[in-house]
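Heads up: the sequence shown is residues 1165 to 1903, going by the numbering used here. The beta carbon of each residue, even a glycine, is placed where N, CA and C say it ideally should be. Scroll down for the structure; my scribbles are underneath it.
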Amino acid sequence: MVVKSTKKQQYHQNIILFILSTILIYSFSYGQFTIDTGTPPRIGLVLSGGGARGFTHVGVLQILDSLNIPVHFITGTSMGSIIGGLYAIGYSGLDLDSLVKNIDWTIIFSDKPPREKLAYFEKQDVGRFQLNLQTKNYKIQEPSGLIFGQKISLLLTRLITPQYNDVNFDELPIPYRCIAADLITGNEVVLNQGSLPKAIRSSMSVPSIFTPVEWGDSLLVDGGVLNNLPVDVAQEMGATRIIAVNVGTPLRSQENLSGAISILYQSLSLAANKKEKENLLKSDIVITPDLQGFASTDFAENKIGIMIEKGKEAARKSLDQLLQLQQQSQPSIPASKARPRFNKGTIFGIYIQGNKRLSFGFIYQFLGLRPGQTFDIDLIENRIENLYSLGYFQTVDYKVEQQTQSQYRLYITVKENPGAFLRLGVRYQDNYKVILAANLSLKGFAFPGILSDMSILFSGLLVWEWELGYPRRMFGTRAYPYIYGYYQDIPVDIYLDRKKVAQYKKRSYGAAAGIGFVISNWGGIKTDYLYEKLLIDPNIAFSEEFPWPEWKYPVHLFRLYLNFDLLDDPINPRHGYISKIGYERTIDLIEQRDDYRRLYIDQNFYGTIFRRNTSSIYLFFGFTQEAELYRYYYLGGPNTFIGYNYDEFSGPNVGIYRFENAFHLSNVFSILGIFNGGNIWEDYQEIDFKANFKTGYGIGLQINTLAGPFRYIISFSEKQTVQYFTFGYSLATRNDERK
């Protein structure tokens, strides 16, 4: 018997069939249910960008390795491209754990060479001015990013090795893609072949932070602006199951959109966020670590370890899904067995490219590598850093091509600086009040190797100076010629029995020519002949008890200076040593009136104990013979002798020792304690350390700011209290040898 259904029953049956079919289609498409067809799934691993938050990828990879889950395809963006690219060529999760914890990322994401690597002439420029600008064609050139990426490029080249310098990414141990965005066309770019280090560097070029990377006709930046979680790319590669690790920063709520910067950042994230949502729906397993409280800039060592553990925790929450995927997959060979390494060998050839103003010979000479040398990656990186530290280049990259099993071609690619630098600075100190400064430095002036450095300081004083030198090796030595010219007008206070009795304007102008010698990158010797025209007379006399002399005539001088600089930082040193030794004497020539000798020794030692406590010892001894008042030593103040005013601790022969201790409450705030003692002698042949002994002590506060340290010190000596306030960078001139 056939029972016919009514129209109402038929309608209900159709509804049920539609719902069931929809559920089945969705389940098959998105992995909730899997029909075993006998074909193992092709697993795609997708690692998102997120800055430092991307360290959680390492924890996830360790869990995948422990489960022996095979990965057939990897795609990544930004930090995901770094972790994913290294995993694709054989680094295991444990390898990456050790790697990221032993790298100082705050240094890697910086262009500043370590100070011990800087050329001696570059050391002299560090800490002088607040603002450094590049100029080209007489115009200030706006940088395309705060970081050129010198160090991260060197790191990637070392980690990835020569075999992946020019390769199809499908031929890697695990096929790989990384995502970038083209500034020229506005399109998403999927990088699938070429130099793997360069591709990763392109994918992580955060706009305005890192400079874009030139790739053919394209200018590439971080792919996170368009596709931060490239699941669609993994599917296009052939992945049938997707494991997506999402560490991107979510959109901010309305309450947190309170400023222009946060609104701008959110606006730039909207396009990528829309595609991210689409790609999340295409993923079979989504791992989202709990990174609340962690920012994309948290590169501190202690936070890296925590984020890796967060990645493990998040992966374990998806353990059931991962185990199911493991059962459906064929076991994999541990990736660490394929980890790339450099073979021993020799340098077969050296090629230099990208240079326009600087010749091959100039760069080759400073590089110091030659064909036939043993191939040593540490030596190569050291020479690259030395070349970069000269200040001629924005970046110095290298590529190694394996010619034979034991021979390597070395390709050096340089990107030159415009060659002209404009530096501006401001400083406040009690005696001169506000000091403004400008400096124009030309590297390669007239022809490669010539350095021209011109500075002017004005407002509280007036100093103009210009030095032209040729600091490259001559005749196989480190000698170089230089000429120097200056004008100065500096007020100097004269004290008698702790009372200001007069003021001079230390006016003079002159020119010098001499020879310098560079001692490695930590010292130098200069000797020259100086013609100086004195224009010195008393500007203000507070006492008429005796007449004040004046000096208005030329002086001819022989000068010799020996300087050592082994400080870790010139602004806030924690350890190291800096020394200045100077000697000058008059030369008996026409119009010579003065006949004197002058020698000083200026020493500063720094050491840090228990991280928070930095101590320094300062020693100064200055001697003269037959010197006039204008050639005396004028010391005193917060940097030489506290308890006395600027210029008050003065005389023809002086000796000072000073002990300072800084307790660092943080990287910003420090408490200072200072004690100093010293003597002033009229005759250097009758030195008595007990006679005329003077002391001073004080406490202070230092606050480190982007514009330089702020210092306040209150000091005490011989029934007198003196306060000092200073702020800003040093604004040191090249003639600062003279006290």
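Original post:
Can at least three beta-carbon pairs, one atom from the region 1699-1715 and one from the region 1742-1749, be found at a separation below 8 Å?
Top reply: no
**OP:** Measure the C-alpha to C-alpha separation of G1841 and Y1695 and round it to an integer number of angstroms.
**Re:** 36 Å
Original post:
What is the C-beta distance between G1525 and G1892, in whole angstroms, given that I count them as a contact (C-beta under 8 Å)?
Top reply: So it is not a contact: roughly 41 Å between Cβ atoms.
Subject >> Whole-angstrom distance between G1815 and K1903, CA atom to CA atom >> reply: For K1903, the pLDDT reaches just 46, beneath the cut-off of 50, and the residue's location in the model is therefore unreliable, although a value from the coordinates is still provided. In a straight line, the C-alpha of K1903 is about 11 Å away from that of G1815.
**OP:** Hey, could you find the ends of the alpha helix (DSSP H) F1530 is sitting in?
**Re:** 1524-1531
**OP:** Within its chain, find whatever has a CB closer than 7 Å to the CB of V1145; leave out the 5 residues flanking it on each side and keep chain order.
**Re:** Here the chain has residues from 1165 to 1903 only, and residue 1145 is not among them.
**OP:** Check whether the Cβ atoms of N1817 and Y1848 lie closer than 7 Å to each other.
**Re:** yes
Original post:
Can you give the Cα-Cα distance for L1228 and I1364, rounded to whole angstroms?
Top reply: 23 Å
Subject >> Inter-stretch contact (C-beta, 8 Å, three-pair minimum) for the region 1563-1579 and the region 1597-1604 >> reply: no
Original post:
So Y1340 packs on I1238, CB below 8 Å; how close in whole Å?
Top reply: 5 Å
Original post:
When the Cα atoms are used, what is the spatial distance from I1704 to F1880?
Top reply: 27 Å
**OP:** For F1857, count neighbouring Cβ atoms within 10 angstroms of its own Cβ and tell me buried if that reaches 16, exposed if not.
**Re:** exposed
Original post:
In whole angstroms, what separates the C-alpha of A1478 from that of G1688?
Top reply: 56 Å
**OP:** Could you pull out every residue in the same chain whose Cβ sits closer than 7 Å to the Cβ of G1583, ignoring the five residues on either side in sequence?
**Re:** R1521, L1606, K1607, G1608
Subject >> Beta carbon of A1408 nearer than 7 Å to that of V1354 >> reply: no
Original post:
What first and last residue would you give for the beta strand (DSSP E) that runs through P1702?
Top reply: 1701-1705
Subject >> Counted within 10 angstroms of its Cβ, other Cβ atoms place R1776 as buried (16 or more) or exposed >> reply: exposed
Original post:
Between G1513 and Q1357, what straight-line distance do the alpha-carbon atoms span, to the nearest angstrom?
Top reply: 25 Å
Original post:
So which of G1214, Y1764, T1788, D1732 has the shortest CA-CA distance to T1772?
Top reply: D1732
Original post:
For F1784 versus D1766, is the C-beta distance shorter than 7 Å?
Top reply: yes
**OP:** Taking only runs that begin and end inside the region 1756-1784, name each unbroken beta strand (DSSP E) of 3 or more residues, in chain order.
**Re:** 1761-1773
**OP:** May I ask you to list the residues that DSSP assigns as paired with K1607?
**Re:** L1615
Original post:
With a cut-off of 7 Å, does the C-beta of L1483 fall near any C-beta of chain C?
Top reply: Absent here is chain C; the protein component of the structure consists of one chain.
Original post:
In terms of alpha-carbon separation, which member of D1289, L1209, Y1255 lies closest to Y1585?
Top reply: Sequence inspection shows Phe at residue 1585; the Tyr mentioned does not correspond to that position. It is D1289.
Original post:
Apart from the five residues on each side of it in sequence, which residues of its chain come closer than 7 Å, Cβ to Cβ, to P1277?
Top reply: E1549, Y1552, S1553
Original post:
Beta carbon of P1361, beta carbon of L1320: below 7 Å?
Top reply: yes
Original post:
Going straight from the alpha carbon of L1445 to that of D1396, what length do you get?
Top reply: 10 Å
Original post:
For the alpha helix (DSSP H) that N1550 lies in, which residues bound it at each end?
Top reply: 1541-1552
Subject >> Neighbourhood of K1579 by C-beta, 7 Å cutoff - its chain only, sequence neighbours within 5 removed >> reply: G1518, F1557, Q1558, T1559
Original post:
Do you know offhand how far S1672's Cα is from S1242's?
Top reply: 57 Å
Subject >> Presumed contact (8 Å Cβ cut-off) between A1896 and Q1866, rounded CB distance >> reply: Incorrect: roughly 19 Å between the Cβ atoms, too far for contact.
**OP:** Quick one: grab the DSSP three-state call for S1359.
**Re:** coil
Subject >> 6 Å Cβ shell around S1862 - same chain, five flanking residues per side excluded >> reply: Reading off the sequence shown, one finds Gly at residue 1862, where the question assumed Ser. Hits under 6 Å: I1806, I1838, I1877, I1878, S1879.
Subject >> alpha helix (DSSP H) runs wholly inside the region 1283-1324, at least 4 long, in chain order >> reply: 1284-1287, 1314-1324
Subject >> Local conformation of K1438 per DSSP, three classes >> reply: helix
Subject >> K1744 - DSSP class collapsed to helix/strand/coil >> reply: strand
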